[in-house]
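In the working numbering, the protein residues as written are -17 to 589.
Right, dumping it as structure tokens:
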């Protein structure tokens, strides 16, 4: 039976072959009836338990603090401490592996990753998980198909064409190579001529307008099939010291894979979309580029790329997309005398899948905008909607006159949100504090933000009201019950309400109080740690928590899209891995501790 041990489950998936053999030789099977106690205070811990069948409930006194199901393991901390703190009870019939303490001790000593995932604090465990994802990322990408990378068109010339004619093609078509077909050889052959062969052509001595390109082409072609793996193409290039390979579909040439495009693919998938946006000449072409962003996100997530890096790339692509769309729709004079900006998670660089539009427009004081400004802004909002970014239900868009105004008017309005707060004003202020310029004069946005920050430190009561919004969500134990429910069909957890929002808004409140100009949550945390507002350990923990939440939310959202459902923002704890459930419990607890700190800092219990 131990031969069936599941080494794909964390933390055992990081073991070496020798370490796996140690586990197999050191594990026994245990059977427990419903209600039977596996561990309890006063008992000496001798094994690490790994559940095979059933569920085990962990109780701290009368409080349920965790539930362990198949492939979950416990209680490593008891082994490390030498004593049991909580009670572990079979919630139904349970079958479990029992790994001997001596084997666990040897694994801790030999494998730092195993130790970190099993015993370390939250920050170290999240860090270990991140390092494992980094190690898997390149491997996963090299297993992708060749035709998932950017293939350049293949241009073909006759071997009898002269070098001058070929050079003209290279220049006008902005390509670095042409395929050379030589029908006079027996059998006919196909080669390649690149810009690197121009120097030998000049040194050949024959007139360039009489020198056949076939005399200097390289034969035979290096080829791969479009269904081959990226890793195969990379190996072929390296072994032949080549900078490109020709891609075939059977015998048909479908394109050329350049080394630059291959390595751009391995580093990220945004290269092609950025090129498409840059080269777009109309809104229809931009729409095609926008449609590729979700596919890019899917590929990156499945490859194991860090979610924070994915979010930054998405922010850059969206900003580039919005900028090009605005430049196509708005006249140049309006673009030059205004600042188009995005807000909310898009402004913070924490947005992944497409969500509601949150944008605004600040006009330069004294500038007279076109009389058709409203129609221009309406067309822009409609264009974004056609790209897949739905209109904001609260009408926080440039098509709403309330979100486009001269600098002086906009600054006055933003100050009123701060000094005359009501729930609606506080919501608008929170969204605006995350604003990020995407087109036009960014100085206009900076000045409007400075108008708010200048008032912030002198309004402690208002800052408290601003921060108090964190108490609107996640105050009950509902998330805890959903996390540990056993087979509850309605156990979906709104991760934004329970974890992301209180973390993000709490950091936003501290940043406002400290007059920080940063807009991203991670950047704000770093600045708050630097000025002593947060200690380094909590700052690192909160940064890791946000990344973990974003990763879970993205994974759940992509799963919903795969099944044709709308993205709900909810996650199902039952579908998480054992490690993910354990980390979710710890990250939500970390947010709870942070909220307690905010209550003290802003005196929220007195409000």
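The C-beta atom is built at its ideal place from N, Cα and C for all residues, glycine as well.
Residue burial classification, residue i (beta-carbon count within 10 angstroms, cutoff 16)
i, result
"residue 621", "The displayed coordinates of the chain run from -17 to 589. Any statement about residue 621 would go beyond what the structure contains."
"residue 266", "exposed"
"residue 363", "buried"
"residue 315", "exposed"
"residue 167", "exposed"
"residue 258", "buried"
"residue 240", "buried"
"residue 401", "exposed"
"residue 20", "buried"
"residue 184", "exposed"
"residue 96", "buried"
"residue 222", "exposed"
"residue 100", "buried"
"residue 153", "exposed"
"residue 516", "buried"
"residue 333", "buried"
"residue 512", "exposed"
"residue 447", "buried"
"residue 23", "exposed"
Distance, residue j Cα to residue i Cα
i, j, result
"residue 49", "residue 587", "32 Å"
"residue 218", "residue 225", "10 Å"
"residue 80", "residue 11", "6 Å"
"residue 524", "residue 384", "34 Å"
"residue 478", "residue 176", "53 Å"
"residue 391", "residue 416", "19 Å"
"residue 358", "residue 343", "12 Å"
"residue -9", "residue 272", "37 Å"
"residue 76", "residue 38", "7 Å"
"residue 310", "residue 521", "42 Å"
"residue 213", "residue 126", "8 Å"
"residue 548", "residue 453", "28 Å"
"residue 556", "residue 328", "29 Å"
"residue 118", "residue 336", "With a pLDDT of 49 at residue 118, under the threshold of 50, the modelled position of this residue cannot be trusted, and the question is left open."
"residue 355", "residue 341", "15 Å"
"residue -2", "residue 92", "10 Å"
"residue 434", "residue 498", "11 Å"
"residue 492", "residue 510", "8 Å"
"residue 425", "residue 232", "55 Å"
"residue 518", "residue 350", "49 Å"
"residue 376", "residue 480", "22 Å"
"residue 151", "residue 142", "15 Å"
"residue 256", "residue 442", "44 Å"
"residue 380", "residue 61", "59 Å"
"residue 578", "residue 292", "31 Å"
Beta-bridge pairing of residue i - partner residues as DSSP gives them
i, result
"residue 45", "42"
"residue 194", "144"
"residue 98", "Answer is none; residue 98 lacks a bridge partner."
"residue 33", "78"
"residue 72", "38"
"residue 401", "In the DSSP output, where bridge partners are listed per residue, residue 401 has none listed."
"residue 320", "345"
"residue 207", "230"
"residue 603", "It is not possible to answer for residue 603, since the shown part of the chain is limited to -17 through 589."
"residue 176", "159"
Cut-off 7 Å between Cβ atoms - residues of its own chain near residue i, not counting five sequence neighbours on either side
i, result
"residue -5", "-11"
"residue 368", "269"
"residue 17", "71, 72"
"residue 203", "172, 173, 174, 228"
"residue 198", "175, 179, 182, 183"
"residue 236", "133, 208, 229, 230"
"residue 148", "139, 160, 175, 195"
"residue 201", "171, 173"
Neighbourhood of residue i by C-beta, 6 Å cutoff - its chain only, sequence neighbours within 5 removed
i, result
"residue 129", "208"
"residue 372", "338"
"residue 575", "none"
"residue 290", "529"
"residue 305", "420, 421"
"residue 301", "420"
"residue 566", "none"
Own chain residues within Cβ distance below 8 Å of residue i, not counting five before or after
i, result
"residue 307", "265, 268, 362, 365, 366, 369"
"residue 562", "534"
"residue 244", "131, 212, 215, 216, 219"
Any non-hydrogen atom of the ligand MG closer than 6 Å to residue i Cβ
i, result
"residue 182", "Among the components of this structure there are no ligands whatsoever, and the ligand MG is therefore not found."
Within-7 Å CB hit, residue i to chain D
i, result
"residue 548", "Absent here is chain D; the protein component of the structure consists of one chain."
Original post:
Is the region 24 to 34 close to the region 48 to 67, with three or more CB pairs under 8 Å?
Top reply: yes
Original post:
Counting pairs of Cβ atoms below 8 Å between the region 157 to 165 and the region 131 to 147, do you hit three or more?
Top reply: yes
Original post:
Three or more beta-carbon pairs under 8 Å between the region 301 to 319 and the region 402 to 417, yes or no?
Top reply: no
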